Every structure is written in C-alpha cells, then in structure tokens.
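Taken in sequence, the protein lines are chains F and R.
The first sequence: position 231 = 231 (my numbering), numbered continuously.
The second sequence: position 136 = 1136 (my numbering), numbered continuously.
Backbone N, C-alpha and C define an ideal beta-carbon position, used for all residues, glycine too.
It should be emphasised that the depicted structure is a prediction, and the values quoted were computed from it without experimental measurement.
Here is the structure we will look at, set down as structure tokens.
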Amino acid sequence: MSPYQNRKTIVAGAIILAFAVMAFRLFQVQILKKEYRVTADNNAFKFETIYPARGRILDRNGEVLVDNKLTYDIMVTPFDVKEFDTLAFCRIFDLDTAFVHEKFREYRRYRTRIGYQSLVFKRQVTGEQYNMFVEKSFLFPGFSGVPRTSRTYPFNAGGNLLGYISEVDADYIKAHPEYRSGDYAGKTGMEEAYETQLRGEKGYSIYLRDARGRLKEHYLDGAEDKTAVPGVDVTTTIDGVLQAYGEKLMKNKVGSLVAIEPATGEILTMVSSPGIDVSQLSEINKHYRDLVTDPYKPMYNRAVMSPQPPGSVFKLVNGLIGLQEGVLTPNTMYGCHRGYVVGGLRVGCHGHPSPINLYQSIMMSCNAYYCYVFRSILDNPKYNSVQEGFERWKDYTASFGFGRRLETDIPGEKAGTMPTSERYDRLHGKGRWRSISIISLSIGQGEIGCTPLHLANLAATIANRGFFYTPHLQKDTPESPIDERFKERHYTMVDTSHFADIVKGMELAVNYTGGGATATVARIPGVIACGKTGTAQNPHGDDHSVFITFAPKDDPKIAVVAYVENGGFGATWAAPIASLLVEKYLNGEISPERKPLEQRVFDGNLLHKVRVRRR
Amino acid sequence: MPELNYKKLDWVVVGLYLLLLVFGWMNIFSSSVKETGFLFKLSEKYVMDLIWMGSAAVIAILILFVIPSKVYPAISWPLYVLMVVLLVAVAFVGKEVNGSKSWFAIGPFSIQPAEFSKISTSILLAYLMSKYEFRFSNPKDFIRIALVIGIPILAILLEKETGSALVYLGFLVVCYREGMTGWILVAGILAVLFFILTLVLSPFAAILILTALAGVTTGYYRRKLIPAAAVTAAVVTLLAFLPRLMRIESLSFLGRLEPEVWAALLTGLAAIVLTVSSMIRRRSTVRNLMMGFLLGLILIFSVEFVFEHVLKEHQRARIEVLLGIREDPMGVGYNVHQSLVAIGSGGFAGKGFLGGTQTRFDFVPEQSTDFIFCTIGEEWGLLGTLFVLAVYLALILRLLASAEKNKDGFVRIYGWCAAMCLLMHVVINICMTIGLMPVIGIPLPLLSYGGSSLWAFTILLFIYLRLDMEEKSY
C-alpha cells in the first residue's frame, strides 16, 4: 500500500464533479434553451419562394384581356462570380458592357453587405434570351435565372380599366405586411381592385444549405414544401369588343364613355381618354415617367375621377322630382321666349316654339321650363322655407347617387359634389338665399359636379324606370362570386310610375322628326333609342359635350354616357359617339347610312381645344 | 518472463475503447459523407479513418503481445529526449496548420509529435517517481519532475499549440497523487480564478476578494475564525468605500493614485508586516498564506499585462467571448456559437443518424476533428452526449481503479498518467464545444478524426493494458 492513498478518492471526486458540470451544461444547452433550435432552422433551411401564376382577367364573353407570359429574372450571386466573358454575356441580354462593369463595381463596394446573397441582375428577360443564357450558363458561374410571370394583353382594350402590376416598394410592404420584397401587386384598376383574388398564394421549396449559403439538397425530397396556389381568374363585365370600339371612338378626344347593362349594373365599357395603351402596361416601369408627365394625364380614370357639371342632362332629374313632388304634370305648360327672365336675372334659351309641355321640354331641352320646375319644387308652400325645399331636393338627387360615391369596385371612384345649404348660407348670408339665387342648378350648372359614371348610372336608372344596380366591373361567376351589394336594387325617391313620361321625352329627343328635337343625330335605324343631350358651360374654353342614352326603349340592353370635354353641343360629339356605341352593341355593326358619321368621329381630333398645363 | 494470462487483460477497458472507436467512426461518417453516399475512396475521411483504425489495431496487437514491457523503463530517458528534440524541431521545420507549426509532413501523412510526447513523458514520469528513494520533499526530485513536465510544455508553446500544452498540467494531478503538496494545485486553480475575476470585474474587486479570502483562511488556520472574519469584513468594507472617499474634495489628494493601487499598498503593507512577524514567531502557515497573498497581488497587477501583451489577439478574443466581455457570433465567437447551436438543436433525442443539418453542412468548423462532439450532440441529442460522457467517465475511473490495484509503482503511475491525459483531453475538448472554456484546438480522444491522435491514445492505453496484464499475471 502506497501512502497518499486517500488522494485517489479526492481526485476521483473532482473528476466526477467536472463531468457533472459538463452534463448539467449539456442539459441546459440541449433541453432548457430553445433559441438554439430556432437559430439552427434559420441556419440550415433556405425557403425558396415559388410564385403562383397570377389570375387572368377575362371579358364578359370569356375573351382573355390579361394573360400571363413567362419571363425570367437573371439573378447573380456576386460571391460565386468568377471571371467571365462580359462581351458574350452582354450579347445575350443586349446589354452595354459599361452597365455590367458598373453593376460589379457596385457589388464590390457593398460586398460585405451582400455576402452570399443573390441579387436581381436584370429583370424580365425574354424566354429566348433565357434559353440562350441556359445553353451557355456554364460560362457564367454565379448567374442564374428564375421564372417570373409578367402580364400580357392579347386584346388591345381597357388599359386604364385593367390597371398595372408592379413590384411592391417599402411603403407598400409597410401597409401590407403579407407582401415581401420582390412580390408584385396590382397598383391600379382591376389589378388593384381584385388583387386578393388574382394574386394567388405563394408556395415554397425548402432546401438545406451549408454555412456558406450553398444549397445542398431538397429537404425531405420536398415533403415539407408548399405548392403555390394560382390566382383565380376574374371575369369582368367588360365587353372587350365594345371596349375596343369605344376607345377607337374616343381617340384624340378628352373625356369618358361609359356603358352599363341596366338590368344588372354591369359595366360594359368604360373608356377614359386619352388612356394607357396596353403595350405600356406590361412594362409600366419603362413608361411610368412618360405617363405621369403626359399633360393629358392618361393615368387618370376620368370616368370615375373627374366630376364635371352635367349640363342639361340634369333636367331629367329635376323633371322627375317635380313629378314626384306634384308640382309638375306632363301637361304643365310653360312659355319660353329665348330664356327665363326674373327681375335682373336672365337664363338664356335657344329659339323654339312656346309654350311647351314636359315632353317637348325634354325633346327641345328648354332652359326656361326647368327654371319654372326647379323654383316650384323649392318654393313649394308645403315647405316652411326655401332651405327646407332645397334639402328635400337634395335628398332626391342623393337617391339617384349624385354627390356620393356609388361604392362600385373601381379604385379611385370620386363622390362628385352637390351644393349644401351651408355653402349658400356662406355665399348669400344665412337664410337669405332664395330659389332664384341657385337657379343654375335647374339646368345642371353651377355648384354641381358628377362623374360620367354618375350620369351613366342615371341613364341606367331611367332605362330601368326607377332603380339601379350599383355599377360594377366584376362579373358574377361561380368561381368568384361578386359582393352581395351588387345584387341589390336601389330605388330612387321618385315613384317608378313617373319615369315613363321622362322616357317619352327622351324618345322624342332622338326620334321626333317634326323638327326641334336636339338629338336626332343619335337615331339608330331599327332601334328606338332614348337620349338627352347636355352642353356643360365651361368658363375655361369650349363647352363640354354630354349625352346620355339607352336602348331599346322598351327592353333596354345598354345605357351609355358620353362626356367629351370641349366638344361643344351635346349633339356635336357626345351624341354621335354614344349612339354609335349603342348601335355597335345592339346590332354588332354600324348601318351604312351612319358610316359617314362614324368616320367623322374617328377622324375628329379635339386635343388642341383642351387647355392643358404643360410641365 | 512469466506466462501472460490473457484472462487478466482488462477487457472492460478494451470494450470501452472499441465502443468509442465505433461511435466515433459513425459520427465521422455522418459529418463528412456527401450526398453521393458511401464511397470507397481514400479521399473520404470515413474511409481514411478505417485505415487509421486498422493500423491502430496492428499497433495495439504489437504492444500487447510482442513488445516486452521491460523495455519501457529502460528506454524512458532516450525516448523522452528524442521526443523533446522532435517537438523543438517541428517548431522550426514543421508544416503550418491553422497558425501552429506542430505537424511533420511525411508524404501524404502528417504526424503531430505533441500527441506522442505525452507517452514518452508519462513513461519517464512513471520511471522517475516509482524509484524507491523518490520523495517530493527532496528538492532535487521536485525540480527534476518539474523540468520533465515543463520542458515539453515550453517546446509545445513554441509551436503555438496551447491546447496540447494544457494537457501536461494533468500530470500535476499525478504528482499530487504521488505526494506533491496539494497547495500547488490549489494555487494554480486560484491563479486561474483570480485571472478571470480581474478581467470580468476589475483589479480593485479582485483585490478585495483576495483580501477577504486571505483573512478568513488565516483565521481558520490560527483557529480564530470568527474574530479574523470580523476584522476582514471591516477592512474589506472600508476598502470598498475607497473610490467614494476619493471623490470627497478634502481627500482629493487620494486621487493621485488609482483605487486598486491604494488597496494593494494598504493590504500589501499589512501582509508584509504579518509575514515578518510570523517569521519571527515561526508561524509558517501564516507566513505562507501572507506570501501567497502577496503573490496574488502581483498576479492581479500582471493580469492586464499578460492579457494585453503576452496573449495573442485571437487568444484574447476567445477569452473575452467566453467571459461574455465581447459578443461576436459571426467573428471570433462563430465557432462556439455554431457549436452551441448544433448541440442545442439536437434536443433530447437528437435528429437521428445522418439527420444533422448543422454539422453535416459545414456550419461547425472542424466538425470531424475538434468539434466532433457537435455532431454527436446534434444527431444523438442529450442521450448521445451523456452516453459519451458516461463512457469517458467509466474509462477514466476504471483506469484509476485498476492502476491503484497495482503493487508496482511504475504501472500505477503510468496508469494515472494515461488516465489524466485522457481526462484533460476530454474535459478541455467538451468544455470548449459547450462554451465553458475558450476555444482550444485539441481532439476528443478516440472519437475525433485524426491518425496521430488515434495512434497516440492507442499506444498510451495499450502500453498500460500490457503492463497491467503482466503485473496481474503474477
């Protein structure tokens, strides 16, 4: 037995203690601390996004308006790039060598920040270029291509309506946290309105990677991957053929052309002119500067964003209110001698027979008649004051949708303006204004602004004899049903029985051959169309030409408004344009006797009349 | 020479040895196999490892059955000298790997002499300490042993292989077992402790703690624990207020010196007075304690110098990361961070054989050599890591117990040396991977990939097994 034997026990105890410390530490690291497991996942898994095909946009007849085409983004991982043949590379992608050198100077400058990341080198190269690249990709280590879908437009119609998609920016991601950098989203038009249906759901593939970010293998052979769910096709109510025709009619004119199917509220055509050509949409980034600096504002959807005075078209509304209020009957006769004169005030009118009844007043668009009607509404003794009468009148107009948003599915829709008592109080002193003070409202002038869509909706309401469906762009299909609010009838405060009289007046305006009718230019062979012209006074230049119409009279299939800025009389441009659209829709073609009219419209160029602010 | 009785061979040790080899190979395979699956090519580590194992088996058989045990004491000096020469030589002509010149390149193979010098040192220590007249109290013997352990350490430090040098400190435990005073171990542990305290807290705080420790220990040995503790507490409390006193205007002259200098001057003066008085009164314990205290003060003041000027930048950084002074998970802390992530992600039962994502894909550096424990932690979970700990603990304790049973001092001491080499490697390596020690490159015995290490530990263990078998055959 050697001395110091007890020391082996001390040493053994110390060894066991050391192992216990290590065991405890392992327990702590492997069981207690969770964060290591999370870091491990982030370390090892690379989630590669699979982008879904975006839904297509179809017209009401199944015609494809917006489709997808496959393009490729060329990605670069600067870390993996070796020396390569810049010239050959540039030849494939049609690039300038200076561009490539500049890019790589940049990568070198930010190399620490870039690390092993891949960056987009060039967006949206064509399939052809991509194929050439793939053949020679071994020459270009570090470069790769990822498929991306971009938009293509088989049908040249509806640029403004369809809208464009573009890559989301930082602000957009902030507002829509479900998006990631590199995603695309609809920014205007239908692409924006139906973004949630169109975009689909992104999927991902999980790859394992090593510490240098190199992909190693497909994790579990893809068992944990999520496949992308393609976006749902959206069918629009637009008739592609009619839309294209409408755009042709509105070429070189500033204004809007809107057609609604009265029985459903479906928008058949919505032209805002000048608009965006579809060829510019798919490469919006390239054209964006030109588009926003264009003095005619092609990005601006006038049909829903540009409130203007409606002019004489509004007489229909006043007539309806008068009938409902009992201050007007179809046989009420008023005299007109080139205008309405009270004291120092005079509302001028054109020369026409006198006195006239309600039908004739619509047919000939008499200003004086509606001054009487409007005053009798506001000065009705059953109301205590003009103000009360005015509020009542305003309630009526609101029931037609004026002065408020119709709540359509069109982005950017404006409410338009209707005057308020407060406004007149401020203008004239509280309670010190009378019906005569605001007489211009009787003929749709003054403090009243409604969008072309409002007027198209008015045409549809009259066509329906008293109700409307909220106009909308999405067609109801089993795959993507529309919102319930689009299936609801909205009645105005005017009894449906009163509409027949107004319709009769509108019929005469188009079809009366005895003389005096304002809209005979809109007569369509074989179809009884109803219409009303308007000439909206414009202090800044030529008057705006307005026309609303629907046809056929007894079973209306289409209600249209044409609003041509600086077009002069309603009958000059708006009536021909609107009626040609109706004829095209109902008959499929323009009758031979109206061909010269059609040609005149095609040739018409009013752009020089429009005062624009050049930037 | 008596007949060898192979029933006396320690089959438990052989079994544990084989267990570690097999488990080690599985993990080397897992951490180095490519997607292509098993390939019988020499360029694959797991194939190379099989060759190392085969050659190790040949060596083991030669040692067990062919080489007579008598040669070991006989060649102890020449072998030791040869190894020291090789250690020094490699520092000048060796191949540089990861900043240290510790490898001899012989054709495609590399040999690390530091792995083998452990064996020669163990044999020489066993030879010297088992001599009948050997006493640690004899200064000549003490110095001889100190040199035998110290020279290889210096030579290895010359190669910048800090890890292997640390292993030699394990021999101090053997010395302790053989009669060296335990104070040397205690002093060593205290020195490390105060080094850390000084870095983590401050020199001032370290002086206060040292003062408290010295005061209480002195009181304990003088059997006046309670009064000594009271006095110490009062002194330490007063000293603790020193920095605040210095802020008082009328005492601003104190500010000419740093607080730790004041504290050191005051306590040091007291310690010198006590040392002198204890020498006069021949109280050697108090004298030793006070001299220890003074040495401690010197240590604390030299920490900054050692840290800033003696240690290399990467060593400094590793220590700072370990002590939490610096956080740098992508830089110096990368290895430890990734290693912890790999081990931690294993959880209780692990991700299964070949299921690791961290270790297989190069997140963890040196995953089949120094960081093989990460693969085990990730793929086998806590069950695997505890299993490995248990096997090592069993092996080490078995060696100690078996060594103690030997009547021959040479065999016993050699057994202890082998066990301590194993222990140091295991503790340093595992503590490094789980963030309890700074990163020190040192393999995990019998598990890590590497021929030198495997051969060295095979030789180390099987020499003992042969000695032990022969001794017990009597």
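**OP:** Show which residues of chain R have a CB atom less than 8 Å away from the CB atom of I206 (chain F).
**Re:** Simply none; closest approach about 11 Å.
Original post:
Under 8 Å between C-beta atoms, does S1069 (chain R) make it to chain F?
Top reply: no
Subject >> Per-residue DSSP class, three states only, for M270 (chain F) >> reply: strand
Original post:
List, in order along the chain, the chain F residues whose C-beta lies closer than 9 Å to that of S1284 (chain R)?
Top reply: Those within 9 Å of S1284 (chain R) in chain F number zero; the least Cβ separation is about 21 Å.
Subject >> Local Cβ density within 10 Å of G1278 (chain R), reported as buried at 16 or more and exposed below that >> reply: In the sequence as displayed, the identity of residue 1278 (chain R) is Ser instead of Gly. Result: buried.
**OP:** With a threshold of 16 other CB atoms inside 10 Å of the CB of T1458 (chain R), please say whether the residue is buried or exposed.
**Re:** buried
Subject >> Rounded Cβ spacing between Y36 (chain F) and R1177 (chain R) (contact assumed at less than 8 Å) >> reply: That pair is no contact at about 39 Å.
Original post:
What does F19 (chain F) touch in chain R if you count any residue whose Cβ is under 7 Å from its own?
Top reply: L1389, L1393
Subject >> Chain-ordered residues of the region 1197 to 1211 of chain R with a beta carbon less than 8 Å from chain F >> reply: none
Subject >> Contact with chain R by Q30 (chain F), beta-carbon distance below 8 Å >> reply: yes
**OP:** State buried or exposed for T518 (chain F), treating a residue as buried only when at least 16 other CB atoms are found within 10 Å of its CB.
**Re:** buried
Original post:
Going straight from the alpha carbon of P381 (chain F) to that of G326 (chain F), what length do you get?
Top reply: 12 Å
Original post:
If you follow the alpha helix (DSSP H) that A1146 (chain R) is part of, which residue opens it and which one closes it?
Top reply: 1139 to 1158
Subject >> Cα-Cα separation, T451 (chain F) to A574 (chain F) >> reply: 15 Å
**OP:** Please classify L455 (chain F): is it buried, with 16 or more other beta-carbons within 10 angstroms of its beta-carbon, or exposed?
**Re:** buried
Original post:
With a CB to CB cut of under 7 Å and the five nearest residues on each side skipped, what residues in its chain are close to P1152 (chain R)?
Top reply: V1084, L1087, S1117, T1121, Y1168
Subject >> C-alpha gap between M75 (chain F) and M1026 (chain R), whole angstroms >> reply: 39 Å
Subject >> Pairwise C-alpha distance: T77 (chain F) and R212 (chain F) >> reply: Residue placement at R212 (chain F) cannot be trusted, given a pLDDT of 49 that sits under 50; what the coordinates show is reported in the next sentence. Using only the alpha carbons, I get a separation of about 12 Å.
Original post:
Using DSSP with H/G/I as helix, E/B as strand and the rest coil, what is V1186 (chain R)?
Top reply: Of the three classes helix, strand and coil, the one that applies to V1186 (chain R) here is helix, per DSSP.
**OP:** Note down the Cα distance separating L1311 (chain R) from V81 (chain F), rounded to an integer number of angstroms.
**Re:** 39 Å
**OP:** Show which residues of chain R have a CB atom less than 7 Å away from the CB atom of Y36 (chain F).
**Re:** L1340, V1341, G1344, S1345
Original post:
Any C-beta of chain F sitting closer than 8 Å to the C-beta of Y1176 (chain R)?
Top reply: yes
Original post:
Quick one: Cα of L1201 (chain R) to Cα of A1271 (chain R), how far?
Top reply: 23 Å
Original post:
In angstroms, rounded to a whole number, what distance separates the CA positions of V1286 (chain R) and T1232 (chain R)?
Top reply: 15 Å
Original post:
How would you write the range of the alpha helix (DSSP H) that L1299 (chain R) sits in, first residue to last?
Top reply: 1284 to 1305
**OP:** Provide the residue(s) that pair with C530 (chain F) in DSSP beta bridges, ordered along the chain.
**Re:** F:F550
**OP:** Mind listing, in chain order, the continuous alpha helix (DSSP H) runs of no fewer than 4 residues lying wholly within the region 459 to 515 of chain F?
**Re:** 499 to 511
**OP:** Could you pull out every residue in the same chain whose Cβ sits closer than 6 Å to the Cβ of T1267 (chain R), ignoring the five residues on either side in sequence?
**Re:** T1211
Subject >> Contacts that F1301 (chain R) makes with chain F (C-beta to C-beta distance below 9 Å) >> reply: By Cβ distance, chain F contributes nothing, its closest Cβ being about 30 Å from F1301 (chain R), past 9 Å.
**OP:** Pull up the CB-CB distance for I524 (chain F) and T236 (chain F), whole angstroms please, since I reckon it's below 8 Å.
**Re:** With a contact defined as Cβ atoms closer than 8 Å, I524 (chain F) and T236 (chain F) miss out at about 26 Å.
Original post:
Where L1019 (chain R) and D1049 (chain R) are concerned, what is the direct C-alpha to C-alpha distance, given to the nearest angstrom?
Top reply: Answer to the nearest angstrom: the Cα atoms are 15 Å apart.
**OP:** Pick out whichever of F:N587, F:S306, F:H352, F:D543 has its Cα sitting closest to the Cα of L606 (chain F).
**Re:** F:D543
Subject >> Where C90 (chain F) falls: helix, strand or coil (DSSP) >> reply: Taken through DSSP and simplified to helix, strand or coil, C90 (chain F) comes out as helix.
**OP:** Assuming I1413 (chain R) and I1063 (chain R) form a contact by the criterion Cβ under 8 Å, report the distance between their Cβ atoms to the nearest whole angstrom.
**Re:** Contact flag wrong, Cβ pair sits at about 18 Å.
**OP:** Identify every run of the alpha helix (DSSP H) within the region 1343 to 1427 of chain R, keeping only runs that are complete inside it and at least 4 residues long; order them along the chain.
**Re:** DSSP runs (the alpha helix (DSSP H)) wholly in the region 1343 to 1427 of chain R: 1372 to 1404.
**OP:** Would you be able to state if there are at least three C-beta pairs under 8 Å between the region 583 to 594 of chain F and the region 530 to 546 of chain F?
**Re:** With the cut-off at 8 Å, the region 530 to 546 of chain F and the region 583 to 594 of chain F do not touch.
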